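In this note's numbering, the protein residues as written are 19 to 153. Positions of the beta carbon are idealized from the N, C-alpha and C atoms, including for glycine. Here the structure is a predicted model, which is why all the values come from computation and not from measurement. Written below as structure tokens is the structure these notes are about.
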């Protein structure tokens, strides 16, 4: 992890701090790794399983052997850190008098609601299916 500018981070559509969470996970600090992931990605279980991970094709390690297994590291960080993160989770303070309605509780809707709430808005998610999460 000696990149001056991490190509994996540049290849990530949301520019996650991949080197930081990979380093933390490598040190066994799964809660801290998950907290880094959650800064920009509210759905690490989903992206740790389904994401096409363009970041891995940009990895500098490809010039030597194979890329860092970023997707697996994200999933392992989520699995290893979720209990500790959930134990400390508090609802974000509502700091805006504005309200938001998000239509659709799939990945995009849940992510939008997460960041709106994190930004201080009161958010209501409307979903027609019995459960949120989409397909």
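Annotation note: the stretch 115–145 contains the following uninterrupted beta strand (DSSP E) runs of length 3 or greater, listed N- to C-terminal: 117–121, 140–144. Ranked by Cα distance from residue 134, the options 30, 58, 46 are led by 58. Cβ neighbours of residue 48 within its own chain (closer than 6 Å, five residues either side excluded): 95, 98, 99. Residue 103 is a Cβ neighbour of residue 52, given a cutoff of 8 Å.
Inclusion of residue 111 and residue 142 in the CB contact set at 8 Å is not warranted, their separation being larger than that value. A straight-line Cα-Cα distance of about 7 Å links residue 91 and residue 40. The three-state reading of DSSP puts residue 70 in coil, since its state is none of H, G, I, E or B. DSSP places residue 37 in the uninterrupted alpha helix (DSSP H) bounded by 36–44. No Cβ-Cβ contact shorter than 8 Å links residue 42 with residue 66. The three-state reading of DSSP puts residue 87 in coil, since its state is none of H, G, I, E or B. According to the DSSP assignment, residue 52 belongs to the alpha helix (DSSP H) that extends over 48–58. Going by DSSP, residue 26 is part of the alpha helix (DSSP H) stretching over 25–29. Excluding five sequence positions before and after residue 25, the CB atoms of its chain that fall closer than 7 Å to its own CB belong to 76, 77, 78, given in chain order.
In the displayed model, residue 92 falls within a helix according to three-state DSSP.
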